[in-house]
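In our numbering, the protein residues as written are 54 to 277.
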């Protein structure tokens, strides 16, 4: 698959995720931002399965995916890319993480959806979409696209699923919140990756064109 095809594929996936997010957002809005039927069912299931041991497990991704945790993880990943000389990948990850937080936090504050009443974590009315899930998904998608390793995708999908479970197990979010966060993360990551790759390709083409021009022999203007 060529880089152009990968870029097109990323945009298609991003557009599909964006459309799905818009539809879910509309459904939540039409319901007065109250929990959907599936949200109530899932929350009651999590309550029924609550145990002290699993609460401890659920707090691990919650802490790692929190503000401080993701700043540390993001900084380490960006530093690793820079150390390997992958400046474009480092820039892609940095831009995507900033973008997903800015977009998600703004939407959550404007929408103001109330979290489950029995939340064991945050209680502020900024439930939709899930920021933890959005950031985790963004990082996973960027790493998957940049590293092109199957195991990265497998581990990444498992991490996102764990994050989604964690946020609902701690009753910090409704199920539709974490689904929305996942869709937001996919959309932001794919669009940012495609834009950065397009910029990179243009600069590379311009550099090659300049190099070719500079190497062309200068014709003599002296007539024999």
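Every residue, glycine too, gets a C-beta built ideally from N, C-alpha and C.
{"Check": "Residue 225 beta carbon less than 9 Å from that of residue 173", "Outcome": "yes"}
{"Check": "Proximity to residue 157 [Cα-Cα], best of 131, 229, 184, 148", "Outcome": "184"}
{"Check": "Close-in-space but distant-in-sequence residues of the same chain around residue 131 (CB under 8 Å, 5 per side omitted)", "Outcome": "143, 146, 147"}
{"Check": "Assigned secondary structure, residue 219 (DSSP; H/G/I helix, E/B strand, else coil)", "Outcome": "helix"}
{"Check": "Other residues of its chain near residue 112: CB distance less than 8 Å, five sequence neighbours each side excluded", "Outcome": "219, 223"}
{"Check": "Nearest candidate by alpha-carbon position, reference residue 181, set 64, 75, 103", "Outcome": "75"}
{"Check": "Residue 185: first and last residue of the uninterrupted alpha helix (DSSP H) it sits in", "Outcome": "184-200"}
{"Check": "Cβ shell of residue 63 (< 6 Å), same chain only, five flanking positions each side left out", "Outcome": "243, 246, 247"}
{"Check": "Backbone secondary structure at residue 181 - three-state DSSP", "Outcome": "coil"}
{"Check": "Contact under 9 Å by Cβ, residue 238 with residue 153", "Outcome": "yes"}
{"Check": "Assumed close pair residue 77, residue 236 - CB separation to whole angstroms, cut-off 8 Å", "Outcome": "7 Å"}
{"Check": "Other residues of its chain near residue 73: CB distance less than 8 Å, five sequence neighbours each side excluded", "Outcome": "236"}
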